[in-house]
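Here is the structure we will look at.
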Amino acid sequence: MLTRLYHLPISPWSEKARWALDHHRVAYEAVEHVPLVGDLRLRWLLRKPTGRVSVPVLEDGGDIYGDSFQIARHAEAIGAGRPLFPAGHEAEIAAWNLLSEQLLVTGRGVMLLGQIEDAQTALDALPPGVPEALKPVLAPLARRALSAFVDKYRMRDAAASHRPVLDQTMAAFAKVLADGRRYLVGGAFTYADITMAASLQGVSPVDERYMPVGPGGREAWTRPELVARHPEVLAWRDAVYATHRPTHGPTHRPTHQQPHAG
1 MLTRLYHLPI
11 SPWSEKARWA
21 LDHHRVAYEA
31 VEHVPLVGDL
41 RLRWLLRKPT
51 GRVSVPVLED
61 GGDIYGDSFQ
71 IARHAEAIGA
81 GRPLFPAGHE
91 AEIAAWNLLS
101 EQLLVTGRGV
111 MLLGQIEDAQ
121 TALDALPPGV
131 PEALKPVLAP
141 LARRALSAFV
151 DKYRMRDAAA
161 SHRPVLDQTM
171 AAFAKVLADG
181 RRYLVGGAFT
191 YADITMAASL
201 QGVSPVDERY
211 MPVGPGGREA
221 WTRPELVARH
231 PEVLAWRDAV
241 YATHRPTHGP
251 THRPTHQQPH
261 AG
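Under full-length UniProt numbering, the residue at position 172 of the sequence shown is numbered 172, and the numbers go up by one with no gaps.
Right, here's the structure in full:
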């Protein structure tokens, strides 16, 4: 059966899954998820009629893997190449994954709560293929959709803590990298490097050769003061990408957009 990855091209969570699949040379069809509109399909795949659903989701031979970490572990089980979860380091890699989730959630919260009233950011969030002439007409709908996305992840609940936690997490990561290490675990490239490299998208987006930037563009997703304070962290990220991330996944079919019917 065909292996399908439901993903968002702009999402760091999806990027973690794509990277692990590509690293292990797992062939898959990439299906672009449309937020809110495509949730019905995810509910069917995940057998989850209520509650929050999100991508990435991997469908493989009737089995479903519902987050980046699960997808990466499955890619390791069925794919080729050097292990991303070397024996004896699983707990350490899982801890880095938790830290990356903290970076991602706070970075996304800072950006979207700061840009939610910006008309251009809302328009950028419209599904691909919307004609330019229709975008002004759809602006109110786009703003409501962006607000619904913020509500879906309850970003306003921790609005006051997003920035302090982001600052503290970046400072802690910078201390780890202060010894000049190239890799985070065991002196070799692992999923810890993937997950932390992708998590910096909300601090300073990676070069668009690797993945596109979300609504609002690079300016909206960049935290200039953190870039200035921790250039070594971003230099580490760029080196990991340059060494270990092909600009195009070698074994997946071209991404196509999920039908709007969900």
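Ideal Cβ placement from N, Cα and C applies to all residues, glycine included.
Bounds of the alpha helix (DSSP H) holding V165 are 159-177.
For F149 and G109, the gap between their C-alpha atoms comes out near 11 Å. The beta carbon of R209 lies closer than 6 Å to those of T247 in the same chain, with the five residues before and after it left out. If you draw a straight line from the Cα of P136 to the Cα of R218, it comes to about 22 Å.
Per the Cβ contact rule, the region 20-38 is in contact with the region 68-83 (3 or more Cβ pairs under 8 Å). Counting of Cβ neighbours within 10 angstroms places P215 among the buried residues, the total reaching 16 or more. Counting the other CB atoms within 10 Å of its CB gives D124 a total of 16 or more, which places it among the buried residues. D60 sits in a strand when the DSSP states are folded into three classes. For V31, the enclosing beta strand (DSSP E) begins and ends at 28-32. Here Y65 carries a strand assignment [DSSP, helix/strand/coil].
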